[in-house]
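Peer 1:
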Amino acid sequence: MPPKIRFRPLDGLLLLDKPQGLSSNAALQAARRLFRAEKGGHTGSLDPLATGLLPLCFGEATKIAGLLLGSRKAYETTAVLGVTTDTDDADGAVLRERPVPTLAPADLETALAPLRGSIRQRAPIYSALKQGGEPLYAKARRGEAIEAPEREVEVHAIEVLAAEGDRIRLRVECGSGTYVRSLVRDLGEALGCGAHVAELRRLWVEPFLAPRMYTLEALDALAGTGEAALLGALLPVEAGLAGFPRRDLDADGARRFGMGQRLRGQGEPAEMVAVHGPEGRVLGLGSVDGEGLLVPQRLFSWAVRNAPSAARPKH
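Heads up, the sequence shown is in our numbering, so the first residue is 4 and it goes up one at a time.
1. Under three-state DSSP, which class holds residue 111?
2. Quick one, which of 159, 51, 94, 90 has its alpha-carbon nearest residue 116's?
3. Buried or exposed: residue 76, going by 16 or more other Cβ atoms within 10 Å of its Cβ?
4. Below 8 Å on the Cβ atoms is my contact criterion, and I expect residue 93 with residue 201 to pass it. Report the Cβ-Cβ distance as a whole number of Å.
5. Identify, in the order they occur along the chain, each residue of the same chain with its Cβ nearer than 6 Å to the Cβ of residue 26, setting aside the five sequence neighbours on each side.
6. Out of curiosity, what's the CA-to-CA distance linking residue 169 and residue 109?
7. Once you ignore the five residues that flank residue 284 on each side, which residues in its own chain have a CB closer than 6 Å to its CB?
8. Checking 8 Å against the spacing of the C-beta atoms, do residue 43 and residue 57 come in under that value?
9. Which stretch, first to last residue, makes up the beta strand (DSSP E) that contains residue 61?
10. Do the CB positions of residue 61 and residue 82 come within less than 8 Å of each other?
11. Quick one: what does DSSP say residue 9 is sitting in, helix, strand or coil?
12. What separation, rounded to the nearest whole angstrom, lies between the Cα atoms of residue 212 and residue 178?
13. Is the beta carbon of residue 244 less than 8 Å from the beta carbon of residue 261?
14. Do you know whose CA, among 280, 247, 29, lies nearest residue 291's CA?
15. Which residues in the same chain as residue 215 place their Cβ atom closer than 7 Å to its Cβ, once the five residues preceding and following it in sequence are excluded?
16. Quick one: what's residue 279 bridged to in DSSP?
17. Just to confirm my understanding: we take residue 127, look at its own chain, exclude 5 residues before and 5 after, and list those with CB closer than 7 Å. What are they?
18. Residues bridged to residue 190 by DSSP?
19. Tell me the rounded alpha-carbon separation between residue 47 and residue 180.
20. Going by C-alpha to C-alpha distance, which of 232, 295, 305, 271 sits closest to residue 279?
21. Look up residue 117 in the DSSP assignment and say whether it is helix, strand or coil.
22. Using C-beta distances below 6 Å, list every residue in its chain close to residue 124, excluding the 5 sequence neighbours before and after it, in chain order.
23. Should residue 222 and residue 53 be called a contact, given that it needs their Cβ atoms to be closer than 8 Å?
24. Please report how far the alpha carbon of residue 165 lies from the alpha carbon of residue 173, in whole angstroms.
25. What alpha helix (DSSP H) runs, 4 residues minimum, are completely inside the stretch 191-257?
26. My assumption, with CB atoms under 8 Å, is that residue 281 sits in contact with residue 254. Please give the rounded CB distance.
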């Protein structure tokens, strides 16, 4: 019987290269066991078929997971024309097969044009979107009739990287909530032959535009060389807030911010700012109103620990 894992408090971000065949949660739990992290979360699911960047948050970093979930993302995908599946990818059952027409580059561009910009998109029926408090995939697996919802999403770019026979390789940049499977499905319908995703890889998630990713195998190898090497794969919480405006406080301001107090004279209005102390460590998140008043929104534990105990806010 393997020894019981002794989990510990651990704060930081891990840029995991998720393997094909694992759910995002299974990948998270595997990484969490390697690091022995008490608390962990991921920043938006990748399908089991998909590989690539899955930012994981440990400890206090889980407080910014929702912010990363809403970030812009980029993917490469291979679409197979002529075959429609119930999951819109290669893991699903085949619903229909149709002949693939001979396609010129102009035909592809005509079909892709309506899929760019702000579009209405119907989610796959096998998706983590919830309906009545339950994921759609759970209903679909029971054979229930499902009307998948439509919602507005932002597709910043779709580029054809290669096209040969019944396969098209695409690069997609999109906003939160966009399903690449749905884009490929809709492309196939526009071409009159149907399509599904055969391969999908997430390249980056803002602010990690050139990510140094680690596979589970690489992390396991690091763990074998010592604790310091493994912990070296973690990024500080600050790395996840690089895209937010920054406010720096002196020691007194940091103490007052940690007590949940509002601070005047903090510059231009901003919906969300990353607030740093005099040593550069991020203390939490705040907003700045039209009069330059900084209002604490979310505090990290170390900011609260430095506040006088009688005045520590709940966080």
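C-beta: ideal position from N, C-alpha, C; glycine also.
Peer 2: Considering the structure as presented:
1. For the purposes of this step, residue 111 is identified with residue 108 of the sequence shown, where counting begins at 1. Reduced to three states, the DSSP call for residue 111 is helix.
2. Position 113 of the sequence shown, counted from the start, is the residue given in the question as residue 116. Checked all of 159, 51, 94, 90; the closest Cα to residue 116 is 159.
3. Walking along the sequence shown from the start, residue 76 turns up at place 73. Classification for residue 76: buried.
4. For the purposes of this step, residue 93 is taken as the residue at position 90 of the sequence shown. For the purposes of this step, residue 201 is taken as the residue at position 198 of the sequence shown. That belief holds up - the Cβ atoms of residue 93 and residue 201 are roughly 5 Å apart, short of 8 Å.
5. The count along the sequence shown starts at 1 and reaches residue 26 at position 23. Once the five neighbours on either side are set aside, the close Cβ partners of residue 26 are 51.
6. Locating residue 169 in the sequence shown gives position 166, counting from the first residue. Locating residue 109 in the sequence shown gives position 106, counting from the first residue. Straight-line Cα distance between these residues: approximately 16 Å.
7. The residue given as residue 284 occupies position 281 in the sequence shown. Answer for residue 284: no residue qualifies.
8. As a position in the sequence shown, residue 43 is number 40, starting the count at 1. As a position in the sequence shown, residue 57 is number 54, starting the count at 1. Not closer than 8 Å, so no.
9. Here residue 61 refers to the residue found at position 58 of the sequence shown. Unbroken beta strand (DSSP E) run through residue 61: 54-61.
10. What you label residue 61 is simply residue 58 of the sequence shown in a count that begins at 1. What you label residue 82 is simply residue 79 of the sequence shown in a count that begins at 1. Their beta carbons are not under 8 Å apart, which means residue 61 does not touch residue 82 by this criterion.
11. Position 6 of the sequence shown, counted from the first residue, corresponds to residue 9. Reduced to three states, the DSSP call for residue 9 is coil.
12. Numbered from its first residue, the sequence shown carries residue 212 at position 209. Numbered from its first residue, the sequence shown carries residue 178 at position 175. C-alpha separation (whole angstroms): 14 Å.
13. As a first step, residue 244 is located in the sequence shown; it is residue number 241 there, counting from the start. As a first step, residue 261 is located in the sequence shown; it is residue number 258 there, counting from the start. No. Outside cutoff.
14. Translated into the one-based positions of the sequence shown, residue 291 becomes position 288. For the residues 280, 247, 29, the minimum Cα distance to residue 291 belongs to 247.
15. Taking the sequence shown and counting its residues from 1, the one referred to as residue 215 is at position 212. Excluding positions up to five away in sequence, the list reads 18.
16. Within the sequence shown, numbered from 1, the residue matching residue 279 stands at position 276. Bridge partners of residue 279: 251, 285.
17. As a first step, residue 127 must be located in the sequence shown, where it is residue number 124. Here the set comprises 90, 91, 151, 182, 184, 185.
18. Position 187 of the sequence shown holds residue 190. Answer is none; residue 190 lacks a bridge partner.
19. Counted from its first residue, the sequence shown places residue 47 at position 44. Counted from its first residue, the sequence shown places residue 180 at position 177. Roughly 9 Å between the two C-alpha positions.
20. Taking the first residue of the sequence shown as 1, we reach residue 279 at position 276. For the residues 232, 295, 305, 271, the minimum Cα distance to residue 279 belongs to 305.
21. Along the sequence shown, read from residue 1 onward, the residue named residue 117 stands at position 114. Here DSSP, grouped into helix, strand and coil, assigns residue 117 to helix.
22. Locating residue 124 in the sequence shown gives position 121, where the first residue counts as 1. 156, 185, listed in sequence order.
23. To locate residue 222, count along the sequence shown from 1; it is residue 219. To locate residue 53, count along the sequence shown from 1; it is residue 50. In this structure, residue 53 does not lie closer than 8 Å to residue 222 by Cβ.
24. Taking the first residue of the sequence shown as position 1, residue 165 is located at position 162. Taking the first residue of the sequence shown as position 1, residue 173 is located at position 170. Looking at the two C-alpha atoms, the distance is approximately 7 Å.
25. With a minimum length of 4 residues, the continuous alpha helix (DSSP H) runs that stay inside the stretch 191-257 are 219-228, 230-234.
26. The residue given as residue 281 occupies position 278 in the sequence shown. The residue given as residue 254 occupies position 251 in the sequence shown. Between residue 254 and residue 281 the Cβ distance is about 5 Å, and since that is below 8 Å, they are a contact.
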